[in-house]
Amino acid sequence: MTKTATRRPEPKPYIMGIHAYVPGKSSGRDGRALVKLSANENPLGSSPAALEALANPRGAEAGAAPYPDPDSKDLRMALAELHGLDPARIACGTGSDELLNLAAQAFAGAGDEVMFSRHSFAVYDIAARRCGAVPVEVNDTNFTADVDALLAAVTESTRVVFLANPNNPTGTWLPPSEVERLHALLPEDVLLVIDEAYGEYLAPEFQRVGFGLAAQYENVLVTRTFSKIYGLAAERIGWATGAPHVIDALNRIRGPFNVTTGGQKAALTAVGDQDFVRASRDHNSAERTKFADAIAALGNHGLTCVPSEANFLLVRFEGDVTAEAALDALAGAGYAVRHLPAQGLPDALRITIGKSEDMEQVIATLRTLCGEAS
Ligand SMILES: *Cc1c(COP(=O)(O)O)cnc(C)c1O
0 MTKTATRRPE PKPYIMGIHA YVPGKSSGRD GRALVKLSAN ENPLGSSPAA
50 LEALANPRGA EAGAAPYPDP DSKDLRMALA ELHGLDPARI ACGTGSDELL
100 NLAAQAFAGA GDEVMFSRHS FAVYDIAARR CGAVPVEVND TNFTADVDAL
150 LAAVTESTRV VFLANPNNPT GTWLPPSEVE RLHALLPEDV LLVIDEAYGE
200 YLAPEFQRVG FGLAAQYENV LVTRTFSKIY GLAAERIGWA TGAPHVIDAL
250 NRIRGPFNVT TGGQKAALTA VGDQDFVRAS RDHNSAERTK FADAIAALGN
300 HGLTCVPSEA NFLLVRFEGD VTAEAALDAL AGAGYAVRHL PAQGLPDALR
350 ITIGKSEDME QVIATLRTLC GEAS
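In terms of numbering that gives the first Met the number 0, the sequence shown is residues 0 to 373.
As structure tokens, then:
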């Protein structure tokens, strides 16, 4: 039995100020398993070759389980070749979450400010507080990061700015000209972290702005992940590219063996299967367009969606049909989606683009809820 002591170790107050990240649900209130459209996973799964690599990551050395390559060298080389980057300017992480946290920790601390847009990724607030920095949430405009508002909020204490592009949970994006303007007008000693977890969902001609800035300037870090379009979220593999001194700082504080052997092998193989990536992007944009059209057709019931460049749609409910009612109806039909009242979105649901047949069911459920024949 634990005795109640008069003195005990107390976590730092800034740690107790953190609200733990709430993962997307995969079951209903009654515990029944639901199709998960709540975590922005790839409905096509992952590259079959990558899954094969994962099943037998050590090949002839199967059975032996030494530490993984601490530098993820082969994976960094493959990423560098695919994207035309310098492998020395790449660091890999236990998911991009690790890298986002490390970026805040390496460049901000007590008394410093870490800035991000309202209605953005919940991890940024946690990353700021974890290192004792002050999280500064800046108003967005039409669910989109507002470059002028971000710039106006910069103070002498600002050390890191997080920009998710495309953004989660809204799906909106800043075009290259706006990302470049934000960078150009930020002080040179502020680190701009461009979180491109959904970067591969953009048309290829819009995918390079972050890499271009990260290659050219000392204050830009771009993060990417194998969790979204590559469909390897279970393996926890992310990566980042930036200037040598930024990568060096991350390497000093990351876990020394932070990507497993299986994860490195699977990711390396997945990089080699760009056909799977293209097929996933094509599936997503076709289904997202159909879904957005179906929501637009329910506009007279107060349903709208925020224009999305990612693998999900933020659907807003501003008529008789509430987000809660839609959440329950979709659960009844077998689907878990994301309700984010704690992120200031009580009247919206974030719905991941799933398989075609699942999207048809989701649309039919929403139409029935609105009293439209489906
Ligand atoms: C999903 C997501 C991540 C990726 O997290 P991992 O740790 O790589 O799985 C990062 N940023 C945003 C905005 C995301 O939505």
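Even for Gly, the Cβ is constructed at its ideal location relative to N, Cα and C.
Item to check | Inter-residue spacing [alpha-carbon to alpha-carbon] between Gly261 and Ala325 | outcome: Approximately 39 Å between the Cα atoms of the pair.
Checklist entry - Since Thr268 and Ala4 are thought to touch, with beta carbons under 8 Å apart, how far apart are those beta carbons, to the nearest angstrom? => result The pair is not a contact, with the Cβ atoms about 52 Å apart (cut-off 8 Å).
Checklist entry - Where do the ends of the alpha helix (DSSP H) carrying Val270 lie? => result Element bounds for Val270: 260 to 270.
Checklist entry - Can you tell me the Cα-Cα spacing of Glu286 and Met358, whole angstroms? => result If I take the Cα positions, the gap works out to 8 Å.
Item to check | Span of the alpha helix (DSSP H) around Asp346 | outcome: Premise fails: Asp346 lies in the beta strand (DSSP E), 344 to 351, not in any alpha helix (DSSP H).
Next on the checklist: Do Gly353 and Pro42 have their beta-carbon atoms positioned less than 8 Å apart in this structure?
Outcome noted: Result yes, Cβ atoms of Pro42 and Gly353 sit closer than 8 Å.
Next on the checklist: Quick check: what's the CA-CA separation for Asn39 versus Glu217?
Outcome noted: Straight-line Cα distance between these residues: approximately 31 Å.
Item to check | Beta-carbon spacing of Leu36, Gly333 below 8 Å | outcome: No, the pair does not count as a contact, with Cβ atoms beyond the cut-off.
Item to check | Any non-hydrogen atom of ligand 1 closer than 7 Å to Lys354 Cβ | outcome: No, the Cβ of Lys354 stays beyond 7 Å of every heavy atom of ligand 1.
Next on the checklist: I'd like to confirm something about Lys227: is its beta-carbon nearer than 7 Å to some heavy atom of ligand 1, or not?
Outcome noted: In this structure, ligand 1 has a non-hydrogen atom nearer than 7 Å to the beta-carbon of Lys227.
Next on the checklist: Quick check on DSSP: helix, strand or coil for Tyr197?
Outcome noted: Of the three classes helix, strand and coil, the one that applies to Tyr197 here is coil, per DSSP.
Checklist entry - What are the residues that DSSP puts in a beta bridge with Gly237? => result For Gly237, the beta-bridge partners assigned by DSSP are Gly92, Thr224.
Next on the checklist: So within the region 92 to 120, which uninterrupted alpha helix (DSSP H) runs reach at least 4 residues, ignoring any that extend past its ends?
Outcome noted: 94 to 106, all fully within the region 92 to 120.
Item to check | Delimiting residues of the alpha helix (DSSP H) encompassing Leu181 | outcome: Counting along the chain, Leu181 sits inside the alpha helix (DSSP H) bounded by residues 175 to 184.
Checklist entry - Within the structure, which residues are defined as neighbours of ligand 1 by a Cβ-heavy atom distance below 5 Å, reported in chain order? => result In chain order, the hits are Gly94, Ser95, Asp96, Phe120, Ala163, Asn167, Asp194, Ala196, Thr224, Ser226, Gly237.
Item to check | Inter-residue Cα distance where the pair is Ala79 and Gly211 | outcome: When rounded, the distance between both Cα atoms is 13 Å.
Item to check | Where Val336 sits in the DSSP three-state scheme | outcome: The DSSP-derived three-state label of Val336 is coil.
Checklist entry - Would DSSP call Thr171 helix, strand or coil? => result Assigned with DSSP and collapsed to three states, Thr171 falls in coil, not helix or strand.
Item to check | For Arg315, the residue or residues it bridges with in DSSP | outcome: In DSSP, Arg315 forms a bridge with Thr303, Ala347.
Checklist entry - How many Å lie between Gly271 and Thr224 at the Cα? => result Between the alpha carbons of Gly271 and Thr224 lies a distance of about 15 Å.
Checklist entry - Quick one: complete alpha helix (DSSP H) runs, 4+ long, within the region 5 to 51? => result Scanning the region 5 to 51 from its first residue to its last, the whole alpha helix (DSSP H) runs of 4-plus residues come out as 12 to 15.
Checklist entry - According to the Cβ coordinates, are Val258 and Thr93 closer than 8 Å? => result Contact flag set, yes.
Checklist entry - With a CB to CB cut of under 7 Å and the five nearest residues on each side skipped, what residues in its chain are close to Val314? => result Contacts found: Ile294, Leu302, Cys304, Ala347, Leu348, Ile350.
Checklist entry - Can you list, in chain order, the residues of its chain whose CB lies under 8 Å from that of His118, leaving out five sequence neighbours each side? => result Cβ within range, chain order: Asp139, Phe142, Asn166, Pro168, Thr169, Gln342, Gly343, Leu344.
Checklist entry - Anyone know if the C-beta pair for Arg88 and Pro243 falls short of 8 Å? => result Yes, these two residues count as a Cβ contact at 8 Å.
Checklist entry - Is the beta carbon of Asn39 within less than 7 Å of some heavy atom of ligand 3? => result Ligand 3 is not part of the structure shown, which contains ligand 1 as its ligands.
Next on the checklist: Cutting at 6 Å between CB atoms, please list the residues of its own chain near Ala213, excluding the five before and the five after it.
Outcome noted: Counting only Cβ-Cβ distances below 6 Å, and skipping sequence neighbours, we find Val219, Val221, Thr240, Gly241.
Checklist entry - Looking only at DSSP bridge pairs, what is Phe161 linked to? => result Paired residues: Val192.
Next on the checklist: What residue range does the alpha helix (DSSP H) around Pro243 cover?
Outcome noted: First-last of the alpha helix (DSSP H) with Pro243: 243 to 252.
Next on the checklist: Rounded to the nearest angstrom, what separates Pro10 and Lys2 at their Cα positions?
Outcome noted: Here the alpha carbons of Lys2 and Pro10 stand approximately 19 Å from one another.
Checklist entry - Where DSSP assigns a beta bridge to Glu136, which residues make up the other side? => result Phe115.
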